[in-house]
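The sequence shown lines up with residues 30 to 161 when you count with my numbering.
The structure under discussion appears below in the form of structure tokens.
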Amino acid sequence: MAHATARPPSAEEQMSEAPPDIETMRGVIDRLLDPDAVPETLPPAPGELETLTAQIRGHLALLLPEVEEAAGKLPRQSIPRFCALACVGEARERLRADPTPRYGGIPGHARRLARTLNAVCDHWEALTRVTR
30 MAHATARPPS
40 AEEQMSEAPP
50 DIETMRGVID
60 RLLDPDAVPE
70 TLPPAPGELE
80 TLTAQIRGHL
90 ALLLPEVEEA
100 AGKLPRQSIP
110 RFCALACVGE
120 ARERLRADPT
130 PRYGGIPGHA
140 RRLARTLNAV
150 CDHWEALTRV
160 TR
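Following this line, the structure appears as structure tokens:
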């Protein structure tokens, strides 16, 4: 009789089991929104700005499903659920938007994404306190 061996979890399964690294996300947010929060740093240079924006996008891609899942555990009429899902919707709109000179160009776009990630982090923290 052949024994079935347990397969190791995929990278996606491992990522979904580990909680999001909110501290790291907040560090990137601070770098974009408050250069003084990171001692002895200057505002991001254009190349660094591109990297930070990509990091913010990646963090949002990881965190948005987590917030949706946590919000989904709350009752349908729950105000925290409604607010979190509205924030997720707005975050997706921001991710689809392109930088525009009218609103600060690439740096303005990066700051808007950072503020969005900050709000999503706040919702995740609040929801996981409620649902765990």
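All C-beta atoms in this analysis are idealised placements derived from N, C-alpha and C, irrespective of residue type, glycine included.
Rounded to a whole number of angstroms, what is the C-alpha to C-alpha distance between R105 and R125? Straight-line spacing of the CA atoms in R105 and R125 works out to 27 Å.
Output yes or no for whether 8 Å exceeds the beta carbon distance between L146 and L91. Not closer than 8 Å, so no.
Three Cβ pairs or more, each shorter than 8 Å: is that satisfied between the segment 129 to 141 and the segment 149 to 156? They do not touch, by the three-pair rule.
Look up A120 in the DSSP assignment and say whether it is helix, strand or coil. Of the three classes helix, strand and coil, the one that applies to A120 here is helix, per DSSP.
Output yes or no for whether 8 Å exceeds the beta carbon distance between A143 and L61. Against a cut-off of 8 Å, the Cβ pair of L61 and A143 comes out as a contact.
Status (buried if at least 16 other CB within 10 Å, exposed otherwise) for T82: Note on T82: 16 or more other CB atoms within 10 angstroms of its CB, so buried under the neighbour-count rule.
For A115, count neighbouring Cβ atoms within 10 angstroms of its own Cβ and tell me buried if that reaches 16, exposed if not. Residue burial is scored here from C-beta neighbours: A115 has fewer than 16 other C-beta atoms within 10 angstroms and is therefore classed as exposed.
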